[in-house]
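Colleague: I have a structure here, written as structure tokens, and I will follow up with some questions on it.
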Amino acid sequence: MKVIISNSSPEPIYEQIGKQIKSQIITGDLEEGAALPSIRKLAQELHISVITTKRAYEELEKEGFIDTVAGKGTFVAIQNKEMLREKKMKSIEDQMTDMVSEAQKMGISLEELQEMLLILYSGDD
Amino acid sequence: MTNTLEISNLSKSYKGFHLNNVSFTLPTGYIMGLIGPNGAGKTTIIKTIMNLVMKQEGSVKVFGMDHQEQEVAIKKRIGFVYDTPAFYAHLNLKQLKNVVAPFYEKWDDAVFNDLVDRFGLPENKSLKKFSRGMTMKASIAIALSHDADFIIMDEPTSGLDPVVRREMLDFLRGIMQDENKSILFSSHVTTDIEQAADYITYVNDGKVVFSKTKDEVNEAYALVKGGNDLLDDDTKKSLIAVRSGDYGFEGLTADLKASKMIFGDKAVYDKASLEDIMFFHNLQLKNTH
Amino acid sequence: MLKLVIKDFRANTMYLLLLLVVIAGISVGFNFSIISELDIETELYVVAVILSTTVASKVFAISDNESNADLFFAGLPVNRKQMVIAKYISSAMLVLITLGVHYLAILLSSNETLRMEHAFMYQPPIWILTFLLLTFSDAFSFPFFVRFGLAKGAMAYGTFLLTLMIVTVLTINMLNPSDLLYEWFIILTNQHPIALISELAIFGCLILGSSMIISINAFKHKDL
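See below:
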């Protein structure tokens, strides 16, 4: 697990943590059932308040990404494959939205974009 | 959630100083930073909890017990560090340890020796030859070797250089890996509190200005900056205090959302540091006097 | 409480050793002066004993005051009452030890002739009596030190003693003490020394008790 927080970012720290863990679960970097550090351990490592890490974990748990087992610790949730896929699709869609809006700003046409995507997807250099 | 410390309506008057209706709560498992300018009442609050200074009104509960009725039972579980450690200066650290250790059933020499090693303290040097930093470290080693559940420290980082200061705060975080422990420490240095505290209690002029989690403070408070045309009597009211110059104003808000509604896009919103918060609250205090 | 008493002795070992060496020196010196016919008055020795013992009774208070120890120890698992009582006990113990050393030193360094000529100096009852008297007078001083601290306390106690003496002198001058009381005292001292000591002990306990109550109350409400 990798978490890097920025104190100068306008985004609250608990959201930064949540986002990074979430994306690592979606990409599979954090596997199902993998143990996460305790909220106290993580707070100590990141030099932030226990309340902040606790809040980040609570949000993640609410969204179904992680499970907390009393007395054992916190783990990446065993997810419904369908749901995980949906979440991953949603994440791709989000990135594509960003991409499209960037392309529109630059005046890149749909055809050009499709061509770029085709090249990238088939892996040709 | 249980509370390690509950203070309600605490009052105490000295000549020229008045601690006024102080109330705050520290839940078990967290670090609270007590911040405020010198002379704001931090030490008096801490000394009152410890019964070193006698309260005049209000109640103090530690571990759910009255701090005067159950004094001995409570103090067995407290590790206390004074702002100016008072030891028998003619003793060395080892001798001091031998004097203090018998007072605690849970005293652990191994923990003590480990801390002494870690802090690099000489055991056979007379305490009066210790520097300020060494004295503070010795005081902390003495206070933390009986597995205390509640650690109270008055200005533990004052007089320490930045490196040792950072070590000290890291050390406190280490203690907090055990969720049954709680820490209350005072400091007039805002960065100490920003680095280590879960809860922040800000005291000024003998009163509690606020007692909140650090996240709440970070989210609620902000600096609002803009042109002087944005300021009128109404908009000023939404700010705690304002400092304005020829080219614009800077003010502190305790409610970022509300301020955004009032000032809109024309103003700039910046994170407020604890120092900003203290500065503007102090300004407000001056304005009302 | 016992821990607080032990702590006084433990924290001041060096001072105590020094004090006891000086005390033993005074007593041995007194014997030596008599043997070598230097003609040092016995009264001077008695004053030295009382002075050294009075210093001893204040050693712990002085040491605590020097290092602000009240503040430190009040942070440990003890309450104010225990702190006061412990200080009475440790101080009385030190007075006892001091007199014990005086007595042993003077006894061991004496010879047959001395013990014959100055018999009263070598008898335990006179020492017990001294111990009781010193402890009582100490009891008077304690509340002042607790209430006002060492320096101001010493002044307050001095003023108190002076006033007490003036009042006593005036009272004796104005009213003649009853002959009966005087006679009773003479009989007691001559015929029943043990009864005198017990009377004094009872009287002393009353003084000690009330002194402790005053000290505890003063210390309980003191901001450290």
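Residue numbers (this note's numbering), protein chains in the order written: chain P, 1245 to 1369; chain L, 711 to 999; chain H, 24 to 247.
All residues carry an ideal CB built from backbone N, CA and C; glycine is no exception.
Nothing here was measured: the structure is a model prediction, and the numbers come from that model.
Please list, in chain order, all residues of the same chain as L/Leu-837 whose beta carbon is under 8 Å from its beta carbon, the five residues on each side excluded.
Modeller: Phe-797, Tyr-798, Ala-799, His-800, Leu-801, Asn-802, Leu-803, Leu-806, Thr-845 and Ala-848
Colleague: Using the Cβ count rule (16 or more neighbours within 10 Å means buried), how would you classify H/Ser-233?
Modeller: With a 10 Å radius around the Cβ and a threshold of 16 neighbouring Cβ atoms, H/Ser-233 comes out exposed.
Colleague: Counting only beta-carbon separations shorter than 8 Å, does L/Val-772 have a partner in chain H?
Modeller: no
Colleague: When the Cα atoms are used, what is the spatial distance from L/Lys-700 to H/Lys-175?
Modeller: Outside the shown range of chain L, which is 711 to 999, sits residue 700 of chain L, and nothing can be said about it.
Colleague: Determine, for L/Tyr-912, whether the minimum Cβ-Cβ distance to residues of chain P falls below 8 Å.
Modeller: For L/Tyr-912, the nearest beta carbon of chain P is not closer than 8 Å to its own beta carbon.
Colleague: Which of the three DSSP states, helix, strand or coil, is assigned to L/Asp-965?
Modeller: coil
Colleague: Among the residues of its own chain, which have a CB less than 6 Å from the CB of H/Phe-165, if the five just before and after it don't count?
Modeller: The residues are Ser-234 and Ser-238.
Colleague: Please name the residue in L/His-898, L/Thr-963 and L/Gly-936 whose C-alpha comes closest to that of L/Val-927.
Modeller: L/Thr-963
Colleague: So P/Gln-1288 contacts chain L; which residues on that side make the cut at Cβ distance below 9 Å?
Modeller: Asp-880, Arg-883, Gly-884, Met-886 and Gln-887
Colleague: Output, in chain order, the set of chain L residues within a Cβ distance shorter than 7 Å of H/Phe-32.
Modeller: Simply none; closest approach about 10 Å.
Colleague: With H, G and I counted as helix, E and B as strand and the rest as coil, what does DSSP make of L/His-999?
Modeller: coil
Colleague: In whole angstroms, what separates the C-alpha of L/Met-878 from that of L/Thr-867?
Modeller: 8 Å
Colleague: Measuring CB to CB, does L/Ser-921 end up less than 8 Å from L/Gly-743?
Modeller: Cβ distance not < 8 Å, so L/Ser-921 and L/Gly-743 don't count as in contact.
Colleague: Put L/Val-826 into one of helix, strand or coil per three-state DSSP.
Modeller: helix
Colleague: Could you tell me the alpha carbon to alpha carbon distance between H/Leu-155 and H/Ala-224, rounded to whole angstroms?
Modeller: When only Cα atoms are considered, H/Leu-155 and H/Ala-224 end up about 7 Å apart.
Colleague: Can you check the stretch 878-941 of chain L for any alpha helix (DSSP H) of at least 4 residues that lies completely inside it and give the ranges in chain order?
Modeller: 900-906 and 924-930
Colleague: Chain H partners of L/Glu-781, CB-CB under 7 Å?
Modeller: Asn-102
Colleague: Taking the straight line between their C-alpha atoms, what separation do you get for P/Glu-1326 and P/Gln-1339?
Modeller: 20 Å
Colleague: The alpha helix (DSSP H) spanning L/Lys-946 covers which residue range?
Modeller: 943-947
Colleague: DSSP three-state label for L/Met-775, please.
Modeller: strand
Colleague: At the 8 Å Cβ level, is L/Pro-812 part of the contact set with chain H, yes or no?
Modeller: yes
Colleague: Out of L/Asp-965, L/Leu-966, L/His-728 and L/Ala-853, state which residue places its alpha-carbon closest to the alpha-carbon of L/Asp-793.
Modeller: L/Ala-853
Colleague: Closer than 7 Å by C-beta to L/Lys-946: which residues in its own chain qualify, once you throw out the five before and the five after it? Chain order, please.
Modeller: The residues Val-952, in chain order, have a CB closer than 7 Å to that of L/Lys-946 in the same chain once the five nearest residues on each side in sequence are set aside.
Colleague: Is the separation between the beta-carbon of H/Leu-117 and that of H/Phe-83 shorter than 8 Å?
Modeller: In this structure, H/Leu-117 places its C-beta atom within 8 Å of the C-beta atom of H/Phe-83.
Colleague: For chain L, find out if any of its Cβ atoms is closer than 8 Å to the Cβ of H/Leu-74; answer yes or no.
Modeller: Cβ-Cβ to chain L under 8 Å: no for H/Leu-74.
Colleague: Is the Cβ of H/Leu-99 closer than 8 Å to any Cβ of chain L?
Modeller: yes
Colleague: Given that a residue counts as buried once 16 or more other Cβ atoms are within 10 Å of its Cβ, and exposed if not, what is L/Ala-851?
Modeller: buried
Colleague: Assuming the contact rule is C-beta atoms closer than 8 Å, L/Ser-733 and L/Asn-719 should be a hit. Round their C-beta distance to whole Å, please.
Modeller: 6 Å
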